[in-house]
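Student: If you scroll down you'll find the structure; I have some questions about it.
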Amino acid sequence: MDEVFRALADVSRRRLLDRLNTRNGQSLRDLCAGLGMTRQAVSKHLAVLESAGLVTTRRQGREKLHYLDAAPIVAITDRWMSRYDRQRAEALADLRAALEGAPVESPTFVYTTYINTTPERLWAALTEPAFTRRYWGGVALKSDWRAGSPVLWQDAPGGEFRDLGQRVLVAEPYRRLSYSWHGFQPEHAAHFGWSEEELAARLGERRSKVTFEIEPYGAAVRLTVVHDDFSPDSEMHRAISGQLDGSGGWPELLASLKTLLETGAPLPEPAPAG
1 MDEVFRALAD
11 VSRRRLLDRL
21 NTRNGQSLRD
31 LCAGLGMTRQ
41 AVSKHLAVLE
51 SAGLVTTRRQ
61 GREKLHYLDA
71 APIVAITDRW
81 MSRYDRQRAE
91 ALADLRAALE
101 GAPVESPTFV
111 YTTYINTTPE
121 RLWAALTEPA
131 FTRRYWGGVA
141 LKSDWRAGSP
151 VLWQDAPGGE
161 FRDLGQRVLV
171 AEPYRRLSYS
181 WHGFQPEHAA
191 HFGWSEEELA
201 ARLGERRSKV
211 TFEIEPYGAA
221 VRLTVVHDDF
231 SPDSEMHRAI
241 SGQLDGSGGW
251 PELLASLKTL
261 LETGAPLPEP
271 APAG
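Numbering-wise, the sequence shown is residues 1 to 274 according to UniProt numbering.
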């Protein structure tokens, strides 16, 4: 966490993070506008933020877009805030946003990791049921991975594969995979301790989508996960980002995927609280 604290100590870098929090996916030109800093200075600050894991990038045509990665900040929050204090802080932040009338935009989650594997093996890990079960908390994903086909979930070996409404959007083997995401299910209410009214409210969120971008990186692979198209102020966005208590989200799942591909075993299950 030392690199994260050093990166956050500079007011200019905090301003860059604020701008990405307001509108994610900005180019260097966008971020330079109105900052009163040279392009070179902004580039150096972004490099520090990227090194600390607070910013990740992806190419879109000829542009390099920058995204806020909140996972390190969430890790700091988890380390020093109890569940009660965290819920109280979130409630106060929500109240302040409501009183100030801050505009609410559709959030985007972007996460980049580097894995010592091949594009072919990573593709298999993303698409083969026996592989996904090992790092996805026991869940097997099954599809023929053609555009328009369903992505089916099996919660336990021998159980039925369920259609949760997910559909393949793009499938370019060893390069790019995208599919629509599921909505909340009744089991989520039990897991997060939601009332029937809270679950009903969250069932109204629109379906998001997740995209996996695979790029060779020397002898390794760069994997970028982009999860977007959320409803404004989405609870699903908080869940997949690991911001809900009891949810490791994509950061935990991708860490387990990386560990599995590099060592042959996924991350161990976390010890029960207490």
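Glycine is no exception: its CB is placed at the ideal position from the N, C-alpha and C atoms.
Below 8 Å on the Cβ atoms is my contact criterion, and I expect L164 with A147 to pass it. Report the Cβ-Cβ distance as a whole number of Å.
Tutor: Position 164 of the sequence shown, counted from the first residue, corresponds to residue 164. Position 147 of the sequence shown, counted from the first residue, corresponds to residue 147. So it is not a contact: roughly 18 Å between Cβ atoms.
Student: Could you say which of D229, S178, R133 and A189 lies nearest to L260 if we only look at CA atoms?
Tutor: Numbered from its first residue, the sequence shown carries residue 260 at position 260. Of the candidates D229, S178, R133 and A189, the one whose C-alpha sits nearest the C-alpha of L260 is R133.
Student: When the Cα atoms are used, what is the spatial distance from R175 to N116?
Tutor: For the purposes of this step, residue 175 is taken as the residue at position 175 of the sequence shown. For the purposes of this step, residue 116 is taken as the residue at position 116 of the sequence shown. Rounded to the nearest angstrom, the two C-alpha atoms are 16 Å apart.
Student: With burial defined as no fewer than 16 other Cβ atoms inside 10 Å of the residue's Cβ, what is the status of S43: buried or exposed?
Tutor: What you label residue 43 is simply residue 43 of the sequence shown in a count that begins at 1. So S43 counts as exposed.
Student: DSSP three-state call for S180: helix, strand or coil?
Tutor: As a first step, residue 180 is located in the sequence shown; it is residue number 180 there, counting from the start. Strand.
Student: Give me, in chain order, the residues of the same chain whose beta-carbon lies closer than 8 Å to that of R69; leave out the 5 immediate sequence neighbours on both sides.
Tutor: For the purposes of this step, residue 69 is identified with residue 69 of the sequence shown, where counting begins at 1. In the sequence as displayed, the identity of residue 69 is Asp instead of Arg. Closer than 8 Å at the Cβ level, and outside the excluded window around D69, lie G53, L54, V55, T56, V110, Y111 and T112.
Student: For Y135, does the three-state DSSP call read helix, strand or coil?
Tutor: Your numbering for residue 135 matches position 135 in the sequence shown. Three-state result, Y135: helix.
Student: Do S231 and S106 have their CB atoms nearer than 8 Å?
Tutor: Taking the first residue of the sequence shown as position 1, residue 231 is located at position 231. Taking the first residue of the sequence shown as position 1, residue 106 is located at position 106. Yes, they are a contact pair.
Student: Evaluate the contact criterion for the region 191 to 208 versus the region 218 to 236: three or more CB pairs, one atom per stretch, below 8 Å.
Tutor: Touching, yes, given that three or more Cβ pairs across the two stretches are closer than 8 Å.
Student: Identify, in the order they occur along the chain, each residue of the same chain with its Cβ nearer than 6 Å to the Cβ of M26, setting aside the five sequence neighbours on each side.
Tutor: What you label residue 26 is simply residue 26 of the sequence shown in a count that begins at 1. The sequence shown places Gln at residue 26, not Met. Contacts found: H66.
Student: With DSSP run on the structure shown, which of helix, strand or coil describes residue 346?
Tutor: Beyond the ends of the chain as shown, which are 1 and 274, falls residue 346; an answer cannot be given.
Student: So, with DSSP's three-state summary, where would you put R162?
Tutor: As a first step, residue 162 is located in the sequence shown; it is residue number 162 there, counting from the start. Looking at R162 - three-state DSSP - the assignment turns out to be strand.
Student: If you draw a straight line from the alpha carbon of D18 to that of L35, how long is it in whole angstroms?
Tutor: Residue mapping note: residue 18 aligns to position 18 of the sequence shown, counting from 1. Residue mapping note: residue 35 aligns to position 35 of the sequence shown, counting from 1. C-alpha separation (whole angstroms): 12 Å.
Student: Hey, would you say L223 sits closer than 8 Å to L152, going by beta carbons?
Tutor: Numbered from its first residue, the sequence shown carries residue 223 at position 223. Numbered from its first residue, the sequence shown carries residue 152 at position 152. It is not a contact, given that the beta carbons lie outside the stated cut-off.
Student: Along the alpha helix (DSSP H) that carries D18, what are the first and last residues, could you check?
Tutor: As a working note, residue 18 is residue 18 in the sequence shown. Unbroken alpha helix (DSSP H) run through D18: V11 to T22.
Student: Across which residues does DSSP place L153 in a beta bridge pair?
Tutor: Translated into the one-based positions of the sequence shown, residue 153 becomes position 153. Checking the sequence shown, residue 153 turns out to be Trp, not Leu. Answer by DSSP bridge pairing, in chain order: L141 and R162.
Student: Could you give the distance in angstroms between the alpha-carbon of V210 and the alpha-carbon of D2?
Tutor: To locate residue 210, count along the sequence shown from 1; it is residue 210. To locate residue 2, count along the sequence shown from 1; it is residue 2. One C-alpha to the other measures close to 31 Å.
Student: Between which two residues does the beta strand (DSSP E) holding L223 run?
Tutor: What you label residue 223 is simply residue 223 of the sequence shown in a count that begins at 1. Where L223 is concerned, the enclosing beta strand (DSSP E) stretches over A220 to D228.
Student: So, are the CB atoms of T118 and V225 less than 8 Å apart?
Tutor: Counted from its first residue, the sequence shown places residue 118 at position 118. Counted from its first residue, the sequence shown places residue 225 at position 225. No, the pair does not count as a contact, with Cβ atoms beyond the cut-off.
Student: Let me check understanding here. Comparing Cα to Cα, which of Y179, E120, Q154 and G159 lies closest to W145?
Tutor: For this step, residue 145 is matched to residue 145 along the sequence shown. Ranking the options by Cα distance to W145, first place goes to Y179.
Student: From the DSSP output, in three-state form, read off E213 for me.
Tutor: For the purposes of this step, residue 213 is taken as residue 213 along the sequence shown, with counting starting at 1. Three-state DSSP puts E213 in a strand.
Student: Is the beta carbon of L28 less than 8 Å from the beta carbon of L16?
Tutor: Numbered from 1 along the sequence shown, position 28 holds the residue referred to as residue 28. Numbered from 1 along the sequence shown, position 16 holds the residue referred to as residue 16. No, they are not a contact pair.
Student: Given A7, which residues of its chain have a CB within under 7 Å of its CB, disregarding the five upstream and five downstream residues?
Tutor: Numbered from its first residue, the sequence shown carries residue 7 at position 7. Excluding residues within five positions, the ones whose Cβ falls inside 7 Å are R13, V48, L49, A52 and L54.
Student: Quick one, are the C-beta atoms of P251 and A125 less than 8 Å apart?
Tutor: Taking the first residue of the sequence shown as position 1, residue 251 is located at position 251. Taking the first residue of the sequence shown as position 1, residue 125 is located at position 125. No, the Cβ-Cβ distance between P251 and A125 is not below 8 Å.
Student: Buried or exposed, going by whether 16 or more other CB atoms sit within 10 Å of the CB of S241?
Tutor: Translated into the one-based positions of the sequence shown, residue 241 becomes position 241. S241 is buried by the Cβ-count criterion.
Student: To the nearest angstrom, how far is it from the Cα of G183 to the Cα of A200?
Tutor: By one-based count along the sequence shown, residue 183 stands at place 183. By one-based count along the sequence shown, residue 200 stands at place 200. Rounded to whole angstroms, G183 to A200 spans 11 Å at the Cα level.
Student: For T259, which of helix, strand or coil comes out of DSSP?
Tutor: As a working note, residue 259 is residue 259 in the sequence shown. It is helical.
Student: Give the DSSP-derived three-state secondary structure of A201 in the structure shown.
Tutor: Position 201 of the sequence shown, counted from the start, is the residue given in the question as residue 201. DSSP places A201 in helix when its eight states are reduced to three.
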